[in-house]
Amino acid sequence: MDYSVVQILGIVGWLVLIFGGMLCDAALLLYLRRPLRGVHRRFRAIAHRQVKGRHLLMVTGLFLGAHAVLSTLIPTGDMGWQVIVNTLSFHWIVLLFVTAYCGVRRVPWESLFGPTSGAAYVAGLLAYLAAVPVVLMHSALVNSLLRLAGITPTMQPVVELLSKHPAPTTFIYLVLVGCVIAPAAEEIYFRGMLLPVLMREMTPLGGVIVSSLIFAVAHMHATSAPALFVIALACSAVYISTGSLVAAFTTHAVFNIVNMLLAILFLAQ
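Numbering (this note's numbering), first residue to last: 145 to 413.
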């Protein structure tokens, strides 16, 4: 069987991710053989961040209201407009709210979401690599079960739009949203705001699980829900262990970037 250059690059990329992830998992298992000193202190540090329940409710109300208004103004059934509505009503609302809150209240980013050191980016990358084998396993299992049930797995809306060869400006916007805007806004909302509130109202572990479930369900895409749940757990774990939301953002961003690159390579065939 002859393979194209794109197919070979895709296979090599997956092998690198799988084996890199397995090495990270092995390192984590060796590390976890020792007692996790300070784990309760880390839980408390996240749970007692300055983010309050009223902030979460305010942002949720703003984006639900914006979504309701924008949904009445766009053509029904147009996937491109639907993606734009979702990004305007959620991602941009979250980013603008946090920017305005920090500016008006003169609250430093670090007091809300932790440090932004270079080590946080490295930790986020390692967390992604550690999650890759589990993500691939869940994705393969779900796709197999769907096919056995006679259901064809579907692509996420952004990937489906890319498959239709959109205009260059639309392509750039989709890549920007998928690789930067969405990870930033979603990590601020789900890990930076929702997680501390749930950890205070529930047990720390319960908060992690419930916030990850909400994250997976909120994307409203059954095929990718298990993989999203796993990556949400990884984002929560690296946020708690480092105390930096930048680490969780890095994990999320790399996950989206890799998926988008693979989608573009696949569509280029």
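Cβ coordinates follow ideal geometry from the N, Cα and C atoms, glycine included.
Measuring CB to CB, does residue i end up less than 7 angstroms from residue j?
i      : j      : result
Ala391 : Leu372 : no
Val203 : Phe257 : no
Glu331 : Leu389 : yes
Thr298 : Thr367 : yes
Val303 : Ala407 : yes
Leu201 : Ala329 : no
His396 : Gln300 : no
Gly336 : Asn400 : no
Val227 : Leu214 : no
Val374 : Val278 : yes
Ile384 : Arg185 : no
Ala284 : Thr386 : no
Tyr272 : Val195 : no
Thinking C-alpha only, which one of the options is nearest residue i?
i      : options                        : result
Ser233 : Ser283, Arg188, Ala326         : Ala326
Ser355 : Met364, Tyr333, Arg193         : Tyr333
Ser261 : Thr314, Thr394, Val302         : Thr394
Pro370 : Met281, Asn403, His211         : Met281
Val382 : His309, Trp236, Ala274         : Ala274
Ser380 : Val286, Gly268, Val276         : Gly268
Val259 : Ile190, Ser288, Ala212, Phe410 : For the sequence presented, residue 259 should be read as Pro rather than Val. If we check each option's Cα against that of Pro259, Ile190 comes out closest.
Ile237 : Asn287, His363, His199, Ser255 : His199
Please classify residue i: does DSSP put it in a helix, a strand, or coil?
i      : result
Ala329 : helix
Leu217 : coil
Arg335 : helix
Ser307 : helix
Asn400 : helix
Thr296 : coil
Pro312 : helix
Gly262 : helix
Val195 : coil
Ser355 : helix
Leu173 : With a pLDDT of only 49 at Leu173, under 50, the local geometry of the prediction cannot be trusted, and no value is derived from it.
Pro103 : What is shown of the chain runs 145 to 413, which leaves residue 103 out entirely.
Ser288 : helix
Gly350 : helix
Ser388 : coil
His211 : helix
Met364 : coil
Between residue i and the ligand ATP, is the CB less than 6 angstroms from at least one heavy atom?
i      : result
Arg185 : As presented, the structure is devoid of all ligands, the ligand ATP included, so that no description of it is given.
For residue i, decide whether its Cβ has a neighbour in chain C, counting only Cβ atoms nearer than 7 angstroms.
i      : result
Cys246 : The chain labelled as chain C is not found in the depicted structure, where only one protein chain is given.
I believe residue i touches residue j by the beta-carbon criterion, under 8 angstroms. Please report the beta-carbon distance rounded to the nearest angstrom.
i      : j      : result
Pro340 : Arg188 : That belief does not hold up - the Cβ atoms of Pro340 and Arg188 are roughly 10 angstroms apart, past 8 angstroms.
Leu305 : Leu318 : 6 angstroms
At a cut of 8 angstroms, does the segment 231-250 reach the segment 342-353 through at least three beta carbon pairs? Verdict: no, contact absent.
May I ask you to verify whether the segment 203-211 touches the segment 349-356, counting CB pairs closer than 8 angstroms and requiring at least 3? no
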